[in-house]
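> After the structure tokens below, expect a handful of questions from me.
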Amino acid sequence: MRQAQHLALAALALSLTPTFAVAERNLVPTLDRSFDVCPDRPAEPVWMQEIPLRQAYQRVLVQDIYRAQNLERIVETGSCDCETRFPSWDAAEAVFREKYASNERWEMLQSSDAYNRRANAARTAAKAICDAAGNW
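Read in order, the letters of the sequence shown correspond to residues -23 to -1, 1 to 113 in mature numbering (1 follows the signal peptide of the UniProt record, and there is no 0).
And the structure:
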């Protein structure tokens, strides 16, 4: 009886294999980023896109600064237009260059954590404002 169950499971697995293989072949990876909300948001600065993998923590820190600044700005202004939610990267870059660019990796990781906490603290209120504006 036990052997029959194993054979039945094996047959089922084999019968599903072509389905999974076909589904996998239909996936088309793309590097194009399209957004439903605020599609004209500014791209990351080129230096961030081209940063070596070993220094990716710098890019992450700028992204975290950008996210925290934007969510806090939404809450402060009560506005979630696209320019408020996705402004240029200039302010986040300036904070990074003035405060963190010469820091050690571990210091940048700690700073990223702090900016993530700030962003998460503002997220719920910002989401409510952006939901009402149709920009979440």
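From the three backbone atoms N, C-alpha and C, an ideal C-beta is built for every residue, glycine too. No experiment lies behind these values; they were computed from the predicted model shown.
Please classify A102: does DSSP put it in a helix, a strand, or coil?
DSSP places A102 in helix when its eight states are reduced to three.
> From S79 to M85, what distance separates their C-alpha atoms?
Their Cα atoms are separated by approximately 9 Å.
> Of all the options Y77, N112 and C57, which has the alpha carbon lying nearest to the alpha carbon of V37?
Cα-wise, what sits closest to V37 is Y77.
> For A68, I'd like the list of residues in its chain whose CB is within less than 7 Å of its CB, leaving aside the five on either flank, ordered along the chain.
Taken in chain order, the residues that qualify are Q46.
> My guess is that P22 and W66 are in contact by the Cβ rule of under 8 Å, so how many angstroms apart are they, rounded?
P22 to W66, Cβ: 5 Å. Contact.
> As an exercise, report each continuous alpha helix (DSSP H) stretch of at least 4 residues that is fully enclosed by the region 9 to 40, in chain order.
With a minimum length of 4 residues, the continuous alpha helix (DSSP H) runs that stay inside the region 9 to 40 are 23 to 26.
> Are there any heavy atoms of the ligand GDP lying less than 7 Å away from the beta-carbon of E21, as far as the coordinates show?
This structure simply doesn't include the ligand GDP, nor any ligand for that matter.
> Measure from the alpha carbon of E70 to the alpha carbon of each residue in A20, T54, A102 and L30, then state which is nearest.
Considering only alpha carbons, the answer is A20.
> If you reduce the DSSP assignment to three classes, tell me which class D67 lands in.
Looking at D67 - three-state DSSP - the assignment turns out to be helix.
> Identify the continuous alpha helix (DSSP H) that holds E60 and give its terminal residues.
First-last of the alpha helix (DSSP H) with E60: C59 to R62.
> Using beta-carbon positions only, say whether I106 and V72 come within less than 8 Å of one another.
No, Cβ-Cβ distance for I106 and V72 is not below 8 Å.
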